[in-house]
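Numbering that gives the first Met the number 0 applies: residue 0 is where the sequence shown begins, and numbers increase by one. Even for Gly, the Cβ is constructed at its ideal location relative to N, Cα and C. In this text, all values refer to a predicted model and were calculated from it rather than measured experimentally.
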Amino acid sequence: MITLSRIRLREIRLPLREPFRISSGVISDRRILLLELTDANGVTAWSECVAGEAPNYTPETIDTAWIAITKWIAPRVLDTAFAAPGDVHDVLDKDFRGHNMAKAGVEMGIWGLAAELAKLPLSQLIGGTRTSIPTGISLGIEKSPAALVAKARAAVAEGYRKVKIKIMPGSDVEFVRAAREELGPDAPLMADANNAYTLDDIDRLAELDTLGLMMIEQPLAWDDIVRHGELQRRLKTPVCLDESITSLDRAMDMHTLGAGRIINIKPGRVGGFGPSIAIHDFCEQHGYPVWCGGMFESGVGRAYNVALASLPNFTKPGDVSPSARYWERDIVTPEWTMDAGMVTVPLDKPGIGVTIDIDRVDNLTVRSEVVGRG
Ligand code: OSB
Ligand code: MG
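Put into structure tokens, the structure is as follows:
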């Protein structure tokens, strides 16, 4: 049984090494919500809520998540005995719409705590089979094709196994084509539009279709499935859904409607590890590869992504880049590193596999709140 008696929320500020532009906005200073969960015996686990600064990716933000956790989520989980972490998601989802990232922050923390209590690495607790994760990089929208090409060339030289190029109308075909010409026909390139197109842009999307991409991620609206089906029928490149997959049901809809052939699973977006594992299993049964996306997590959220990506059907490289791609210094020890394009799954200690640098977190904290006892 797992029974939480306290959740501490903290907001830290962590500047990215360089600003990152996607079609719907730019991020530079991350506001990160960290959670510290404590059980009835004083055992603790840390987790991260991946809601962003602005509602340009999903409707949630760090501020809505703070309210959702303190007002509605904490009261449902505190002093409630869970037989297994897999039971948490249903409790949080009953008559409680949306707020997946807020729910996931707590749900994943309970998985982390369960791993501590079972004295198992989180990856082993969930049945992970991989000991290292093939790793990709997500490159933001640059001012010119030449600037993008320089970044893409450096990424391949560093060993990344997938190079994802953010695109939007005006920064698309010329940019991707320049990278393809520089890096050659076998370079593992893909594009992510973050909803910047409609079916009226079919001619542009058809040009991208000639560039040998591994996949095109979420070209159409953030909550669309039907039109992605129409688009997938007109492209040979696999469509990968990100924003639209918010639950196992939406993954089933993708299958029913032929709306994509790959899913980017972000545990925050789908409400936690329970739904992530269910989507993973469904995709495995139906022959769709999955990979783990990223939300510019600190080393804490990254630990959960790495553990999740150790499941067998995470066959495409994930957006689980090493700490130094994002931060001057991460908040965990050891920092996440990459060797020959692989991030190692920590299997040497129980729990999430990294230690939180609490002094540093204290220094970076701009607000905190405790819900529960003690
Ligand atoms: O669409 O995958 C996305 C970051 C913020 C919001 C949306 C996305 C992303 C990324 C970053 O692509 C990937 C990473 O964390 O390295
Ligand atoms: Mg995406």
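What number of angstroms, rounded off, separates the C-alpha of residue i from the C-alpha of residue j?
i: T364; j: R232; result: 48 Å
i: E181; j: P288; result: 28 Å
i: H285; j: L256; result: 13 Å
i: R179; j: T60; result: 35 Å
i: K163; j: G228; result: 22 Å
i: V344; j: T130; result: 5 Å
i: L198; j: L234; result: 12 Å
i: S4; j: G51; result: 27 Å
i: L204; j: P168; result: 10 Å
i: R152; j: P144; result: 12 Å
i: G270; j: V225; result: 22 Å
i: D223; j: Q217; result: 9 Å
i: G85; j: T63; result: 24 Å
i: H98; j: D92; result: 9 Å
i: L8; j: A73; result: 11 Å
i: I379; j: L36; result: Residue 379 lies beyond the range of the chain shown here (0 to 373); nothing can be said about it.
i: Y159; j: F19; result: 18 Å
i: K375; j: A177; result: Only positions 0 to 373 of the chain appear in the structure, and residue 375 is not among them; the question remains open.
i: R29; j: K142; result: 22 Å
i: V148; j: D356; result: 36 Å
i: L77; j: M100; result: 18 Å
i: I125; j: D202; result: 43 Å
i: I11; j: A190; result: 31 Å
i: V175; j: G41; result: 51 Å
i: A44; j: T314; result: 28 Å
i: I68; j: L32; result: 11 Å
i: I244; j: A250; result: 6 Å
i: R260; j: L247; result: 15 Å
Should residue i be counted as a contact of the ligand MG given a C-beta to heavy atom distance under 7 Å?
i: N55; result: no
So residue i and residue j are in contact, right, with Cβ under 8 Å, and what is the actual spacing, rounded?
i: C282; j: N312; result: 6 Å
i: T236; j: M253; result: In fact, because the Cβ distance is near 16 Å, the residues do not count as touching under 8 Å.
i: G273; j: H88; result: 4 Å
i: L121; j: G352; result: 7 Å
i: E414; j: E296; result: Residue 414 is absent from the structure shown; the chain starts at 0 and stops at 373.
i: I132; j: M294; result: Rounded, the Cβ-Cβ distance is 16 Å, inconsistent with contact.
i: E334; j: G298; result: 6 Å
i: N193; j: I21; result: 5 Å
i: I443; j: V370; result: Given that the chain is displayed from residue 0 to residue 373, the structure contains no residue 443 and the question cannot be resolved.
i: I264; j: A113; result: Their Cβ separation, rounded to whole angstroms, is 20 Å, which puts I264 and A113 out of contact at 8 Å.
i: K165; j: L138; result: 6 Å
Taking only heavy atoms of the ligand OSB into account, decide whether any of them is closer than 7 Å to the Cβ of residue i.
i: M337; result: no
i: G320; result: The question names Gly, but residue 320 is Ser in the sequence shown. Yes, the ligand OSB has a heavy atom inside 7 Å of this Cβ.
i: I21; result: yes
i: F281; result: no
i: S137; result: yes
i: F313; result: no
i: F295; result: yes
Per the DSSP calculation, residue i is bridged to which residue(s)?
i: T332; result: T354
i: V269; result: None, per the DSSP bridge assignment.
i: W45; result: E35
i: W290; result: N263
i: M341; result: P133, D338
i: I276; result: DSSP output for I276 lists no bridge partner at all.
i: A114; result: Beta-bridge pairing links A114 to no other residue.
i: F19; result: I26
i: M167; result: S170
i: A80; result: T2
i: E10; result: L32, R366
Less than 7 Å separating the Cβ of residue i from some heavy atom of the ligand NAD?
i: G24; result: Of the ligands one can find in the structure shown, namely the ligand OSB and the ligand MG, none is the ligand NAD.
Next on the checklist: Which residues end up in the neighbourhood of the ligand MG when you take C-beta atoms closer than 7 Å to any of its heavy atoms?
Outcome noted: Ordered along the chain, the selected set is D191, N193, E216, Q217, D241, E242, N263, G292.
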